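Heads up: the structure comes next, in structure tokens.
Chains as they are written, first to last, in the working numbering: chain V, 1 to 150; chain C, 1 to 150.
See the structure below:
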């Protein structure tokens with residue numbers, strides 16, 4: 001593998017797929033003693049979601065908990081449109097889906113990961129930035145998410 | 001659930017089960033651009049490992065990478081003695097196994113979690129402290145590890 005393709009070694013999110021985000025967010029809220037920040041990903045027109053190279057109307061309800069100086073725990077409840085969220089929730093059930101890194105230069109980083117046999121799964125836009133998921137399971141045993149904020 | 005039973009909301013480790021720790025540690029070392037710290041858990045006499053209420057000779061090879069101001073990524077390659085590591089690696093394959101929190105008062109915290117229907121799976125000693133794994137999958141969708149340092 002290329003050395004340090006992302007130019008960072010800071011994990012900023014742990015993403016956990018769930019069936020019922022209200023119920024699991026309530027459990028985490030009690031367990032951690034903190035309140036989550038809820039977000040719903042945008043419409044196709046806003047998010048321009050692509051999953052496995054094709055446009056998808058998939059949307060996802062998210063709940064973020066701050067669990068460290070630069071770390072969030074993210075719960076994700078996807079809808080039933082095609083996405084890496086729905087695929088993995090159906091295939092593997094609830095549990096950790098990905099770890100995330102904040103990067104600069106999403107296009108260049110995407111090319112670098114793909115050159116290192118870490119394929120792009122899904123990408124999309126959010127207000128103020130964009131994300132992409134990559135299949136790191138063969139080499140790193142996890143799905144990776146890259147986040148780029150403008 | 002009792003509110004904030006651990007008295008912390010800082011996640012300090014992400015634990016990932018692997019079959020070949022040398023190979024996966026090399027991939028992470030290149031990917032993150034940093035070197036791991038390797039550790040092997042103690043013998044039964046040292047670690048006093050208990051899994052599902054019974055003594056176990058299980059040992060585990062570990063590799064720690066610093067991935068944030070207070071966060072480590074931990075790779076775990078267990079041996080074939082009974083343990084939550086071996087059970088989950090055989091049942092679910094490679095991937096994220098647990099998230100960890102550092103606590104004070106392991107005995108009290110263990111009682112509190114069990115009272116909240118988060119059962120103890122495994123515990124043991126390490127030089128300078130002790131760990132315990134709990135089955136948080138029903139409510140929190142992950143296995144939890146508590147760490148107490150003397």
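All C-beta atoms, glycine included, are put in the ideal place defined by N, C-alpha and C. This one's a predicted model, so the numbers in the text were calculated from it and none came from an experiment.
1. Considering just the uninterrupted stretch of the beta strand (DSSP E) at residue 79 of chain C, what are its terminal residues?
2. Use the C-beta contact count for residue 2 of chain V: other C-beta atoms within 10 angstroms, 16 or more gives buried, fewer gives exposed.
3. Terminal residues of the continuous beta strand (DSSP E) containing residue 145 of chain V?
4. Should residue 31 of chain C be flagged as near chain V, meaning a C-beta pair shorter than 9 angstroms?
5. Please report how far the alpha carbon of residue 63 of chain C lies from the alpha carbon of residue 61 of chain V, in whole angstroms.
6. Taking CB distances under 9 angstroms as the criterion, tell me whether residue 2 of chain V reaches chain C.
7. Please work out which residues of its chain come closer than 7 angstroms, Cβ to Cβ, to residue 66 of chain V, disregarding the five sequence neighbours upstream and downstream, and give them in chain order.
8. For the beta strand (DSSP E) that contains residue 16 of chain C, what are its first and last residues?
9. Kindly list the residues whose CB is nearer than 6 angstroms to the CB of residue 104 of chain C, restricted to its own chain and excluding five residues on each side of it in sequence; keep chain order.
10. Does residue 58 of chain V come out as helix, strand or coil in the three-state DSSP assignment?
11. Since I believe residue 99 of chain C is in contact with residue 144 of chain C (beta carbons under 8 angstroms), could you give me their beta-carbon distance rounded to a whole number of angstroms?
12. Does DSSP put residue 40 of chain C in a helix, a strand or coil?
13. Look at residue 10 of chain C and residue 70 of chain C and say whether their C-beta atoms are less than 9 angstroms apart.
14. Residues in the same chain with beta-carbon distance under 6 angstroms from residue 40 of chain C, minus the five sequence neighbours each way, listed in chain order, please.
15. Determine the burial state of residue 97 of chain V: buried for a count of at least 16 other Cβ atoms within 10 Å of its Cβ, exposed for fewer.
16. Kindly list, in the order they appear in chain C, the residues whose Cβ is closer than 9 angstroms to that of residue 14 of chain V.
17. Just the C-alpha distance for residue 80 of chain V and residue 38 of chain V, rounded to the nearest angstrom, thanks.
18. Need the endpoints of the alpha helix (DSSP H) that residue 115 of chain C sits in, please.
19. Could you list which residues in chain C have their beta carbon closer than 9 angstroms to that of residue 112 of chain V, in chain order?
20. Anything in chain C within Cβ reach of residue 139 of chain V, meaning under 7 angstroms, just list it in chain order.
21. In whole angstroms, what is the alpha-carbon distance linking residue 112 of chain C and residue 5 of chain C?
22. Given that residue 5 of chain C touches chain V, what residues does it touch there, using C-beta distances under 8 angstroms?
23. Compare the Cα-Cα distances from residue 36 of chain C to each of C:130, C:83, C:74 and C:92 and report the closest residue.
24. Contact between the segment 43–62 of chain C and the segment 124–139 of chain C: three or more CB pairs below 8 angstroms?
25. Excluding sequence positions up to five away, which residues of its chain have a Cβ less than 6 angstroms from the Cβ of residue 84 of chain C?
26. Roughly how far, in whole angstroms, is the beta-carbon of residue 114 of chain V from the beta-carbon of residue 19 of chain V, given that I think they are within contact range, below 8 angstroms?
27. Could you tell me which residues DSSP puts in a beta bridge with residue 130 of chain C?
28. In the DSSP assignment, find the alpha helix (DSSP H) that holds residue 181 of chain V and state where it starts and stops.
29. Looking only at its chain, what residues have a beta carbon closer than 7 angstroms to the beta carbon of residue 135 of chain C, apart from the 5 residues adjacent to it on each side?
30. So, is residue 56 of chain C buried or exposed, given that buried needs 16 or more other C-beta atoms within 10 angstroms?
31. Can you round the beta-carbon distance between residue 94 of chain V and residue 141 of chain C to whole angstroms, since I take them to be within the 8 angstroms contact cut?
32. Measure the beta-carbon distance from residue 130 of chain V to residue 108 of chain V and round it to whole angstroms, keeping in mind my assumption that it falls under 8 angstroms.
This is what the structure holds:
1. Segment: none, residue 79 of chain C is in no beta strand (DSSP E) and carries neither H nor E.
2. exposed
3. 142–149
4. yes
5. 34 angstroms
6. yes
7. 34 and 72
8. 13–17
9. none
10. coil
11. 7 angstroms
12. strand
13. yes
14. 61
15. buried
16. 11, 14, 96, 99 and 142
17. 19 angstroms
18. 106–115
19. Those within 9 angstroms of residue 112 of chain V in chain C number zero; the least Cβ separation is about 11 angstroms.
20. 27
21. 6 angstroms
22. 31
23. C:74
24. yes
25. 121, 122 and 133
26. Not confirmed; about 32 angstroms, so no contact.
27. C:125 and C:148
28. Residue 181 of chain V falls outside the range modelled here, since chain V spans only 1 to 150, and no answer is possible.
29. 118, 119, 121 and 143
30. buried
31. 4 angstroms
32. Wrong, their Cβ atoms sit about 13 angstroms apart, outside the cutoff.
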